[in-house]
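Okay, so here's the structure we're looking at.
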Amino acid sequence: MKQKIAFGEGEGDAWFERNKSKLGVGSDEIEQAINALQIRPKRILEIGCSNGHRLEKLRVRYGAECMGIDPSQQAIAKGKASYPGLLLDIGTADRLNFDSAAFDLVIFGFCLYLCDPSDYFRIATEADRVLTDPGWLVVYDFLASSPRRRPYAHRPGLYSHKMEFSRLFTTNPAYRLLARRYCEHGPELTYDPDEAVVVDVLRKDSARAFAG
Ligand SMILES: C[S@@+](CC[C@H](N)C(=O)[O-])C[C@H]1O[C@@H](n2cnc3c(N)ncnc32)[C@H](O)[C@@H]1O
C-alpha cells in the first residue's frame, strides 16, 4: 500500500492523536529560521501542516494569508475549528490544488520522510509550480548523509525515509540552500549524523541561477 493512502486512511489521524497535546507549544524552529533571514512572506503554504498550529503563528506574526494541507481528516477538522483565519484542506504533497505561483513561501512541515519515494519527482514539481519565482522554500525534516529507511514504529509495512531532502530541489540551479538550522527532535540535540533534523531554507531565483 502506498504510504499516502495509509496516512489518509488513519495513520495521519493516529499521528495527530498521539501528538496533539504538544502541537504549538514552545518556540517554533521554522518561525525562527524565517525571521533570522528577515523573510516577510505574504502567502504561505505548509504541506503536512497537521492542525495548522505553525501556520497560525506565522499568520499572526506576518499578517500573511496561510494555507495548509494534510492527509489527516481529524487534524484538518480540528484546525479549522481552532484557527478560523487559516485555509486548511485534506491533501497530500504530490498533488497541490492551488494555482501556479500562488505562494511566496512553501514549507514542507516534516512530512517528506513519510512520503512515498516514488512520488518525489511529482512532489518537487508541484511545490515548484505553486511557488513564485523568486520565492522561498523551507524543508523541515530528517537529514541523513546517505539515503536510508527504517520501519515506521507505529505501523508494520510503513517506513520512515531519511535523506537530504533539499537535494530534490538543489539539483536545479534555480534553488540555493541559504541556511541550515539543526533542531532538537527528541529531548536533546543528537550528534548522530543519521538522526539529525534540520530546517533548510532555500531561495528560488531562476533569473540569478546561471552566471553570465
Ligand atoms: C511529523 S508530522 C508534522 C506535523 C506538523 N507539520 C508539525 O511540524 O507539527 C507529519 C505530518 O505529515 C502528514 N503527512 C503524511 N504523509 C503525507 C503526504 N504524503 N503529504 C502531506 N502530508 C503528509 C501527516 O499526516 C502528519 O500530519
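Numbering (the working numbering), first residue to last: 29 to 240.
Backbone N, C-alpha and C define an ideal beta-carbon position, used for all residues, glycine too.
Keep in mind it's a predicted model, so treat the numbers as computed, not measured.
For Ile97, the enclosing beta strand (DSSP E) has its first and last residue at 93 to 98. Relative to the Cα of Cys211, the nearest Cα in the group Lys85, Phe138, Gly113, Phe238 belongs to Phe138. For Phe44, the enclosing alpha helix (DSSP H) begins and ends at 40 to 47. In the same chain as Phe126, and ignoring 5 residues on each side of it, the C-beta atoms closer than 6 angstroms to its own belong to Val158, in chain order.
If you draw a straight line from the Cα of Gly96 to the Cα of Val88, it comes to about 15 angstroms. Secondary-structure assignment with DSSP links Phe131 through a beta bridge to Leu159. Taking C-alpha positions only, Gly185 is separated from Ala239 by approximately 46 angstroms.
With a beta-carbon spacing of about 7 angstroms, Ile72 and Leu83 fall inside the 8 angstroms limit used to define contacts. Contact check between the region 127 to 134 and the region 98 to 111: fewer than three CB pairs, one atom from each, fall below 8 angstroms, which does not count as touching. Pro69 counts as buried, since no fewer than 16 other beta carbons sit within 10 angstroms of its beta carbon.
Per DSSP, Val88 is one residue of the alpha helix (DSSP H) stretching across 81 to 90.
By DSSP's assignment, Tyr148 forms no beta bridge with any residue. For Lys50, the number of other beta carbons within 10 angstroms of its own is below 16, and it is reported as exposed.
By the Cβ rule, the region 115 to 126 does not count as touching the region 42 to 62, because fewer than three pairs are nearer than 8 angstroms. The beta carbon of Trp43 sits closer than 7 angstroms to at least one heavy atom of ligand 1. Taking C-beta separations shorter than 6 angstroms and ignoring five residues to either side along the sequence, the partners of Arg204 in its chain run Arg231, following chain order.
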